[in-house]
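Trainee:
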Amino acid sequence: MIQVQDVSKRYGQFVAVDRASVEIPQRKITSFVGPNGAGKSTLLSIISRLMPKDEGRVYIDGTELDRWKTQELAKKISILKQTNHLNVRLTVRDLVGFGRFPYSHGRLTREDREHVERAIAYMNLEHLAEKFLDQLSGGERQRAFIAMVIAQDTEYVLLDEPLNNLDMKHSVQIMQVTRRLVDELGKTVILVLHDINFASAYSDHIVAMREGRVVGSGTVSEMICPQMLRCVYDMDIRIEEFDCRKVCVYFW
Numbered sequence: 002m003i004q005v006q007d008v009s010k011r012y013g014q015f016v017a018v019d020r021a022s023v024e025i026p027q028r029k030i031t032s033f034v035g036p037n038g039a040g041k042s043t044l045l046s047i048i049s050r051l052m053p054k055d056e057g058r059v060y061i062d063g064t065e066l067d068r069w070k071t072q073e074l075a076k077k078i079s080i081l082k083q084t085n086h087l088n089v090r091l092t093v094r095d096l097v098g099f100g101r102f103p104y105s106h107g108r109l110t111r112e113d114r115e116h117v118e119r120a121i122a123y124m125n126l127e128h129l130a131e132k133f134l135d136q137l138s139g140g141e142r143q144r145a146f147i148a149m150v151i152a153q154d155t156e157y158v159l160l161d162e163p164l165n166n167l168d169m170k171h172s173v174q175i176m177q178v179t180r181r182l183v184d185e186l187g188k189t190v191i192l193v194l195h196d197i198n199f200a201s202a203y204s205d206h207i208v209a210m211r212e213g214r215v216v217g218s219g220t221v222s223e224m225i226c227p228q229m230l231r232c233v234y235d236m237d238i239r240i241e242e243f244d245c246r247k248v249c250v251y252f253w
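Take the sequence shown: its letter number 195 is residue 196 in the working numbering, and every next letter is one higher.
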């Protein structure tokens with residue numbers, strides 16, 4: 002389990018995360034939702050130790066985050082940020098191989114290569130494995146980066162706005178993959194999402210943030226309701242049900 006206790010992050014006078022506390026359940030999909038500037042991506046970066054916190058504590062499986070050795074933490078938590086620009090020309094297979102660095106340190110063993118091939122197959126990228134990343138569509142490239150995270154084989158998978166700049170078809174594919182990571186592989190997935198309809202359709206647990214604060218967390222049924230969403234987004238939202246899934250309709 003991941004536990005966040007009174008975590009804060011400031012940039013001068015600006016408070017990006019303000020005394021945030023939340024527990025992330027294991028083997029579930031947890032989505033961080035909220036408007037731009039709510040602190041979602043910042044909190045995700047703090048949990049992964051990509052960014053230092055100013056106050057508070059984060060516990061990973063009962064051990065305080067700062068006490069984890071970097072190599073061991075990289076075997077426990079993987080993160081994919083929303084901007085992934087590489088200055089080198091790589092094939093899909095080369096990229097996915099980077100996910101094994103915490104284990105291989107750049108010298109892939111037979112076991113590492115097996116993990117790479119399984120990750121490529123899991124993302125249905127076999128026919129693209131020798132393609133260069135700059136030859137791929139946006140959706141294919143995102144699948145390749147997620148395959149890299151899968152190859153890292155961590156218990157916790159953190160994805161920062163994985164649907165950014167994707168069309169509806171590729172967004173659905175990515176969300177279906179995250180669901181499979183939990184249901185088939187037993188991973189704990191944490192997402193930053195702007196689309197609350199995707200969050201409500203695929204998540205088990207939702208954390209709502211606004212102005213750096215956690216304003217609520219709970220199951221989809223508890224969180225996807227007009228009262229909570231009005232508090233988070235400052236607008237009226239009607240909840241409708243289609244095929245047992247909640248769909249949010251916005252009214253400005």
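Yeah, the Cβ is synthetic: ideal placement off N, Cα and C, and Gly gets one too. Since we're looking at a predicted model, the values are computed, not measured.
Should M169 be labelled buried (16 or more other beta-carbon atoms within 10 Å of its own) or exposed?
Mentor: exposed
Trainee: So, at 6 Å on beta carbons, what are the nonlocal neighbours of K82 in its own chain, with the 5 sequence-adjacent residues on each side left out?
Mentor: Closer than 6 Å at Cβ, skipping near neighbours: D161.
Trainee: Taking C-alpha atoms, which residue in M176, R119, M2 lies nearest to T64?
Mentor: M2
Trainee: Do I191 and T31 count as a contact pair if the criterion is CB distance below 8 Å?
Mentor: yes
Trainee: Does the distance from the CB of G100 to the CB of A122 come in under 8 Å?
Mentor: No.
Trainee: Counting only the same chain and skipping the five closest in sequence on each side, list residues whose C-beta sits under 6 Å from that of I78.
Mentor: S49, T155, Y157
Trainee: List the DSSP bridge partners of G217.
Mentor: A209
Trainee: Use the C-beta contact count for F146: other C-beta atoms within 10 angstroms, 16 or more gives buried, fewer gives exposed.
Mentor: buried
Trainee: If you follow the beta strand (DSSP E) that F15 is part of, which residue opens it and which one closes it?
Mentor: 15 to 25
Trainee: For Q143, count neighbouring C-beta atoms within 10 Å of its own C-beta (all shown protein chains included) and say buried if the count is 16 or more, exposed if not.
Mentor: buried
Trainee: Taking the beta strand (DSSP E) that Q6 falls in, what are its first and last residues?
Mentor: 3 to 12
Trainee: Using a threshold of 8 Å, state whether the C-beta atoms of R34 and V23 are closer than that.
Mentor: One detail in the question is off: residue 34 reads as Val in this sequence, not Arg. The answer is no: Cβ separation not under 8 Å.
Trainee: Comparing alpha-carbon positions, which option in Q27, R11, L74, N37 lies nearest Q153?
Mentor: L74
Trainee: Could you give the residue range of the alpha helix (DSSP H) that holds T179?
Mentor: Residues 169 to 184.
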